[in-house]
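Numbering (the working numbering), first residue to last: 1 to 296. This report refers to the structure that appears directly beneath it.
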């Protein structure tokens, strides 16, 4: 059932146990959020529990809205820009029993809800990820309760230590990779080309952000030892795409056999031209000798 203006007008509207104005839209089979502008920002709480919503998005300006209950749906991701711009005062977000699996979605929720105090993700695959709770606590400093368990000061300190450790740096790198892969998958699914972090940037920026210290040293060595401007351009093109460039002598096509480099091709061409010139000289010499013999 689509969420129409008529459904919204007929929905139960009541003061809840906290004395907040609430609209109840439970169990209606709603597939997507739409037409909420007709509520005229009249509610503190919206209850979308037990529907078929796949994405938290498409909210109009709702400055009064502070609590969003969306448990029991099939949500996989959150539109951080939409929530940040249109629901700026959200303090409670219940996403229990959905299908969120990536830690990068936690970073998006942190970006979207800077005032968040209560968050529940129980029943989502992401809660089984290593360091899930500490990662969320560190990303959301205003959070007071996570998955119905109070956030303790000791946990905040532990989360900070994790973020500053090598394990935390590796975790953050994995989260960024998840975000890139998710963006690429979304782009393919929609059939449109969208920005993917790591692609389409300058070679300098990609070099700084996409490679390890050891890889950077190898790339510098490749550039220093490049035998032609074309070879340097090939290396820069790979770096710009965020791909470690293959050595010139072993560059391959589609993972197949090695192909000649620009330098070797140029050498072969030069040798061929040399042989051709030498042949022409020999032919001219033979012709001159024949003419001389006829004259005698």
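C-beta atoms are modelled at their ideal positions from N, C-alpha and C, and glycine is treated no differently.
Cross-strand partners of residue i (DSSP beta bridge)
i: residue 23; result: 13, 46
i: residue 55; result: 77
i: residue 67; result: 45, 92
i: residue 118; result: 92, 145
When the options are compared against residue i, the one with the closest alpha-carbon
i: residue 27; options: 103, 3, 227; result: 3
i: residue 54; options: 95, 16, 129; result: 95
i: residue 176; options: 128, 209, 131; result: 209
i: residue 76; options: 43, 105, 158; result: 105
i: residue 162; options: 135, 144, 147, 145; result: 135
i: residue 56; options: 82, 39, 44, 45; result: 82
i: residue 22; options: 30, 29, 31, 12; result: 12
Beta-carbon contacts of residue i that lie in its chain and below 7 Å, excluding the five residues immediately before and after
i: residue 84; result: 111, 112
i: residue 63; result: 41, 88, 89
i: residue 170; result: none
i: residue 120; result: 94, 95, 96, 147, 148
i: residue 198; result: Any reading at residue 198 must be qualified, since the residue scores a pLDDT of 48, below 50, and its modelled position is unreliable; no value is offered.
i: residue 102; result: 126, 178, 182
Alpha carbon of residue i to alpha carbon of residue j, nearest angstrom
i: residue 9; j: residue 66; result: 20 Å
i: residue 74; j: residue 125; result: 12 Å
i: residue 216; j: residue 222; result: 10 Å
i: residue 206; j: residue 243; result: 9 Å
i: residue 143; j: residue 137; result: 7 Å
i: residue 164; j: residue 115; result: 24 Å
i: residue 78; j: residue 186; result: 13 Å
i: residue 37; j: residue 60; result: 6 Å
i: residue 219; j: residue 71; result: 49 Å
i: residue 189; j: residue 133; result: 30 Å
i: residue 158; j: residue 18; result: 33 Å
i: residue 230; j: residue 236; result: 10 Å
i: residue 152; j: residue 123; result: 22 Å
i: residue 225; j: residue 232; result: 9 Å
i: residue 20; j: residue 118; result: 16 Å
i: residue 140; j: residue 247; result: 44 Å
i: residue 271; j: residue 213; result: Because the pLDDT at residue 271 is just 44, under 50, the model does not fix this residue reliably, and the value given afterwards should be weighed accordingly. Computed Cα separation, rounded: 40 Å.
i: residue 30; j: residue 48; result: 8 Å
6 Å CB neighbourhood of residue i in its chain, flanking five on each side removed
i: residue 155; result: 137
i: residue 50; result: 26, 27, 72
Chain-order list of residues whose beta-carbon lies under 8 Å from that of residue i (same chain, five-residue window excluded)
i: residue 160; result: 138
> For the segment 121 to 156, which segments carrying the alpha helix (DSSP H) assignment without a break, of at least 4 residues, lie completely within its bounds, in sequence order?
Replying inline: 132 to 139
> In chain order, which alpha helix (DSSP H) runs of at least 4 residues are fully inside the segment 90 to 116?
Replying inline: List check, alpha helix (DSSP H) in window: 104 to 112.
> What residue ranges within the segment 163 to 194 form continuous alpha helix (DSSP H) runs of no fewer than 4 residues, ordered along the chain?
Replying inline: 166 to 190
>> At 4 residues or longer, what runs of the alpha helix (DSSP H) sit wholly inside the segment 213 to 245?
In response: 213 to 225, 229 to 240
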